[in-house]
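Chemist: Below you will find the structure I want to go over with you.
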Amino acid sequence: MTEAATRAADLRAQLAQHDYQYYVLDDPWVPDSEYDRLMQALRALEAAHPELISADSPTARVSGAVALGFAPLTHGVPMLSLDNAFSDEDVQAFDKRARERLATEAEIEYCAEPKLDGLAVSLLYQAGLLTRAATRGDGATGEDITANIRTIRSVPLRLRGAAPVVVEVRGEVYLPFVGFEKLNATAAAQGQKLFVNPRNAAAGSLRQLDARVTAARPLEAFFYGIGAWQGSAEPQSQSALLEQLRGWGLCTSAEARAVRGAAGCLAYYHQLAERRATLEFQIDGVVYKVNRRSDQLALGQVSRAPRWAIAHKFPADEALTILREVEFQVGRTGVLTPVARLEPVMVGGASVSNATLHNMDEIERKDVRCGDTLIIRRAGDVIPEVVSVVLERRPPDARKLLLPTHCPVCGAPVQRLEGVSAARCTGGFNCAAQLKESLLHFASRRAMDIEGLGDKLVEQLVDRGMVRTPADLYALRAEALAALERMGEKSAARLLQAVARSRDSSLPRLLHALGIRDVGESTALALSEHFGSLAALQAASLDQLLEVPDIGPVSAASIHAFFANPANQQQLERLRAAGVHWPEHEGRAATPRPLNGLTIVLTGTLTGFSRDEASEALQQLGAKVSGSVSKRTSYVVAGEEAGSKLARARELGVPVVDGAGLTLLLRGERPG
Ligand code: IVH
């Protein structure tokens, strides 16, 4: 070998190792800059010595050529599909059939794996070199996607270690949630059509005639099977096969487990179903495979599915249904939220008849019309949402949706400001919907804390005209209360006591209770600490408001406008006259506290504390506790079943800590 050839081989080996560390093991050894330096060196060497360019060179992952179409490729061994199980009974029946066929009473060992919701692919390695890659197609013949598969950085261009003469490895190409969201955010910014789900996005990304487009999409692949195999002995179990795939440097699922009998399968299923929302990728069920290879061969296959494996599907989290009507709900700040009223349909194991449409922009972007057939999604406990319209099923009389010009509750004009998605009812406290929500907020535990003032009671108080503003709560009389539905003398007396107790308040609680736009609990606290008294805050200029930590131009403007409004001034006077008092807030900022300057988001179920308790304690230590994750978040504390906030934190690279991290924070220490 020439010196250049040796150097090229050395650089390729180093780059392949770094790709493996980074993309497969998630454990990079060197900074990106070092990787880039090696890549540069290899590119320069290949430019000077074109004869050295080889198919397994990491410089050759992305081909510049645009294909005219995808050529058909016949699989060495057909790609099978799986039978489905939808219930525990289906799984027990599958296990029973297998035991009968194997003529055994003993528990069968299964390999249980997540069923990834992506695209099945088959990769052909000859003497260790990736030579062909194909989609599943009809099982016998797929499409040649070699150029596209080569762009996936976790896919080795050459297998590590000893490889058989020929092996087809099978797996699933998918797009993690984070990549999916990024892709859709970019598409939205460019006014392009959004992908409906990660699976479609992965499919769209892989089937690109220009592999440079595929290269720009953060695709991943998991491998779980083999097709053709020549030249050495096959692994003797599914677990051993996964081990072998890992040994070659291919990604396999970290969730795969050997389990015993139907009971072991079901325990695995239920455990994974609970953690489903915390996974970084979409799965639609689990797959159980009889572990021993000899048993698999004995069981064989029927038509196109093996008798030794079954897919146990999670309840579908997407379904089709028809949009009957759209109603607009009015929230505390007057924002109109369109809500889809649907033909009831089962999604994710529950009947769904309403879904949120967020705002008018969303309706326009998705082009939703009354009478349309919609795809509805419900993941975990989140509010069902409209994914998209099935345009093929649009009836000719489908009706376009218009923003009402007047509030559906109070009839006041609806205002939609230029460039803002939200439309608002301008009725203020004259709007029963806004008033009801404002009262519930005013009375909530972390605001004025009026125990017993729930929505049924607020409903009656407003509908009967007994309360027109929050200050009216302090003028309620026992007899009138006792006469309301579900109320008696005792509950009326209890409520009045709670109302009386709430007079003894604090500045942060009062500011939070007022429901000033953009002022949540932590902003209320920051304002109190900064200004010390309501009088000082009321007198503050915009510039003075901007001096408060964490207050930006938008919230400063909201606060300023709130105190400039005579109706609000009058409201505060009436509260004061009703005996509500809020002592001046002692400037605590003078003594620095251990968590000063940190912004923390709590998500999921915490062990040992309620979220409120943890939040209170963190604020006592000087931290700001926020409800949403942004670049400025210092830590996300993720408990059990943390969902979208955790995903957002990962996307933004915000540090995530668990219960142990929370304990450190509560001791006033900062997790490293
Ligand atoms: S095994 C002979 N394992 O599900 C066994 N399939 O419904 C063939 N899939 O076409 C497949 N995750 O695309 C297997 N861990 C997994 C899987 C998996 C996802 C897909 C695969 C297959 C389809 C069958």
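Heads up: the sequence shown runs through residues 82 to 753, numbered per our numbering. Where a beta carbon is used, it is the ideal one built from N, C-alpha and C, also for glycine.
(1) Would DSSP call Asp478 helix, strand or coil?
(2) For Asp176, count the other beta carbons within 10 Å of its own beta carbon; 16 or more makes it buried, fewer makes it exposed. Which is it?
(3) Run through the DSSP bridge pairs and tell me what Tyr716 is partnered with.
(4) Nearest CA to the CA of Pro736: which residue from Gln95, Leu683, Trp389 and Ile464?
(5) Excluding the five sequence neighbours on either side, which residues of its own chain have a C-beta within less than 8 Å of the C-beta of Ser614, listed in chain order?
(6) Kindly list the residues whose CB is nearer than 6 Å to the CB of Val416, restricted to its own chain and excluding five residues on each side of it in sequence; keep chain order.
(7) So Pro237 and Leu331 are in contact, right, with Cβ under 8 Å, and what is the actual spacing, rounded?
(8) If Leu204 sits next to Glu249, beta carbons under 8 Å apart, how far is it from one beta carbon to the other, in whole angstroms?
(9) Tell me whether Val501 counts as near the ligand IVH, meaning its Cβ is closer than 7 Å to at least one heavy atom of that ligand.
(10) Pull up the CB-CB distance for Leu287 and Ala148, whole angstroms please, since I reckon it's below 8 Å.
(11) Buried or exposed for Ile464, please, with buried defined as at least 16 other CB atoms from any protein chain shown within 10 angstroms of its CB.
(12) Should Leu133 be counted as a contact of the ligand IVH given a C-beta to heavy atom distance under 7 Å?
(13) Spatial neighbours of Ile531 within its chain, please: CB distance less than 6 Å, with the 5 preceding and 5 following residues excluded, ordered by chain position.
(14) If we ignore side chains and look at the alpha-carbon of each, how far apart do Ala65 and Leu360 end up?
(15) With a threshold of 8 Å, are at least 3 pairs of Cβ atoms found where one atom belongs to the region 407-423 and the other to the region 480-491?
(16) For Thr437, which option in Ala421, Gly596, Ala564 and Ala620 has the closest C-alpha, if you only look at C-alpha atoms?
(17) Is Met427 helix, strand or coil when you go by DSSP?
(18) Spell out a yes or no on whether the region 270-279 and the region 210-219 are touching, meaning 3 or more CB-CB pairs, one atom from each, closer than 8 Å.
(19) Any chance the CB of Val105 is under 7 Å from a heavy atom of the ligand IVH?
(20) I'd like the ranges of any beta strand (DSSP E) spanning at least 3 consecutive residues and lying wholly in the region 174-206.
(21) Quick one: what's got a C-beta closer than 7 Å to Ala244's C-beta in the same chain, skipping five residues either side?
(22) Taking just the CA atoms, how far does Arg713 sit from Arg669?
(23) Short of 6 Å in beta carbon distance, which residues of its chain neighbour Gly749, apart from the five on each side in sequence? Order them along the chain.
(24) With burial defined as no fewer than 16 other Cβ atoms inside 10 Å of the residue's Cβ, what is the status of Gln271: buried or exposed?
(25) Three Cβ pairs or more, each shorter than 8 Å: is that satisfied between the region 544-561 and the region 645-661?
(26) Counting pairs of Cβ atoms below 8 Å between the region 553-571 and the region 495-502, do you hit three or more?
(27) Does the beta-carbon distance from Ser144 to Ala292 come in below 8 Å?
(28) Quick check on DSSP: helix, strand or coil for Leu163?
(29) Give the DSSP-derived three-state secondary structure of His666 in the structure shown.
(30) Going by DSSP in three states, Pro22 sits in which element: helix, strand or coil?
(31) Can you name, in chain order, every residue of its own chain whose Cβ lies under 8 Å from the Cβ of Arg731, other than the five neighbours on each side?
(32) Is it the case that the CB of Arg217 approaches a heavy atom of the ligand IVH more closely than 7 Å?
(33) Could you tell me the alpha carbon to alpha carbon distance between Glu262 and Ala561, rounded to whole angstroms?
(34) Could you compute how far the alpha carbon of Leu626 sits from the alpha carbon of Ser609?
(35) Quick one: give me the first and last residue of the beta strand (DSSP E) that Arg341 is part of.
(36) Return the chain-ordered ranges of every alpha helix (DSSP H) run that is complete within the region 201-266 and spans a minimum of 4 residues.
Modeler: On the basis of the coordinates in this document:
(1) For this step, residue 478 is matched to residue 397 along the sequence shown. Note: Asp478 maps to coil in three-state DSSP.
(2) Position 95 of the sequence shown, counted from the start, is the residue given in the question as residue 176. Counting Cβ neighbours within 10 Å, Asp176 comes out buried, since at least 16 surround it.
(3) By one-based count along the sequence shown, residue 716 stands at place 635. Answer by DSSP bridge pairing, in chain order: Ile681.
(4) Taking the first residue of the sequence shown as 1, we reach residue 736 at position 655. It is Leu683 whose Cα lies nearest to the Cα of Pro736.
(5) As a position in the sequence shown, residue 614 is number 533, starting the count at 1. These residues qualify, in order along the chain: Leu588, Glu665 and His666.
(6) Position 335 of the sequence shown holds residue 416. Here the set comprises Ala503 and Arg505.
(7) Within the sequence shown, the letter at position 156 stands for residue 237. Within the sequence shown, the letter at position 250 stands for residue 331. Yes, Pro237 and Leu331 are in contact; Cβ-Cβ is about 7 Å, under 8 Å.
(8) What you label residue 204 is simply residue 123 of the sequence shown in a count that begins at 1. What you label residue 249 is simply residue 168 of the sequence shown in a count that begins at 1. With a Cβ gap of about 7 Å, Leu204 and Glu249 count as contacting.
(9) Along the sequence shown, read from residue 1 onward, the residue named residue 501 stands at position 420. No, since every heavy atom of the ligand IVH falls outside the 7 Å radius drawn around the Cβ of Val501.
(10) Start at 1 with the first residue of the sequence shown, and residue 287 comes out as number 206. Start at 1 with the first residue of the sequence shown, and residue 148 comes out as number 67. Their Cβ separation, rounded to whole angstroms, is 13 Å, which puts Leu287 and Ala148 out of contact at 8 Å.
(11) The residue labelled residue 464 in the question sits at position 383 within the sequence shown. Label assigned to Ile464: exposed.
(12) The residue given as residue 133 occupies position 52 in the sequence shown. No, Cβ of Leu133 sits at least 7 Å from all heavy atoms of the ligand IVH.
(13) Taking the sequence shown and counting its residues from 1, the one referred to as residue 531 is at position 450. Same-chain partners within the cutoff: Ala524, Ala579, Val580 and Ser583.
(14) Coverage of the chain is limited to positions 82 through 753, which leaves residue 65 absent and any answer about it impossible.
(15) yes
(16) Position 356 of the sequence shown, counted from the start, is the residue given in the question as residue 437. Looking at the Cα atoms, Ala421 is the closest of the given residues.
(17) Against the sequence shown, residue 427 aligns to sequence position 346. Strand.
(18) no
(19) Translated into positions along the sequence shown, residue 105 becomes position 24. It does not: the Cβ of Val105 is nowhere closer than 7 Å to a heavy atom of the ligand IVH.
(20) 190-197
(21) Here residue 244 refers to the residue found at position 163 of the sequence shown. Closer than 7 Å at Cβ, skipping near neighbours: Tyr206, Ala208, Gly209 and Trp329.
(22) The count along the sequence shown starts at 1 and reaches residue 669 at position 588. The count along the sequence shown starts at 1 and reaches residue 713 at position 632. Per-residue confidence for Arg669 stands at a pLDDT of 49, beneath the threshold of 50, marking its modelled position as unreliable; no derived number is given.
(23) By one-based count along the sequence shown, residue 749 stands at place 668. Excluding residues within five positions, the ones whose Cβ falls inside 6 Å are Pro675 and Leu702.
(24) The residue given as residue 271 occupies position 190 in the sequence shown. Gln271 is exposed by the Cβ-count criterion.
(25) yes
(26) no
(27) The count along the sequence shown starts at 1 and reaches residue 144 at position 63. The count along the sequence shown starts at 1 and reaches residue 292 at position 211. Yes, Cβ-Cβ distance for Ser144 and Ala292 is below 8 Å.
(28) Locating residue 163 in the sequence shown gives position 82, counting from the first residue. If DSSP states are grouped into helix, strand and coil, Leu163 belongs with coil.
(29) By 1-based counting over the sequence shown, the position of residue 666 is 585. In the structure shown, His666 sits in coil (DSSP, three-state: anything other than H, G, I, E or B).
(30) The structure shown does not extend to residue 22, since the chain is modelled only from 82 through 753, so no value can be given for it.
(31) Along the sequence shown, one-based indexing puts residue 731 at 650. If we look at Arg731 and ignore the five residues flanking it on each side, its Cβ neighbours are Val259, Glu361 and Val737.
(32) Locating residue 217 in the sequence shown gives position 136, where the first residue counts as 1. Answer for Arg217: yes, Cβ within range of the ligand IVH.
(33) As a position in the sequence shown, residue 262 is number 181, starting the count at 1. As a position in the sequence shown, residue 561 is number 480, starting the count at 1. Answer to the nearest angstrom: the Cα atoms are 53 Å apart.
(34) The residue labelled residue 626 in the question sits at position 545 within the sequence shown. The residue labelled residue 609 in the question sits at position 528 within the sequence shown. Looking at the two C-alpha atoms, the distance is approximately 11 Å.
(35) In the sequence shown, counting from the first residue as 1, residue 341 sits at position 260. Looking at the DSSP string, the run of the beta strand (DSSP E) that includes Arg341 is Arg338 to Arg341.
(36) 227-230
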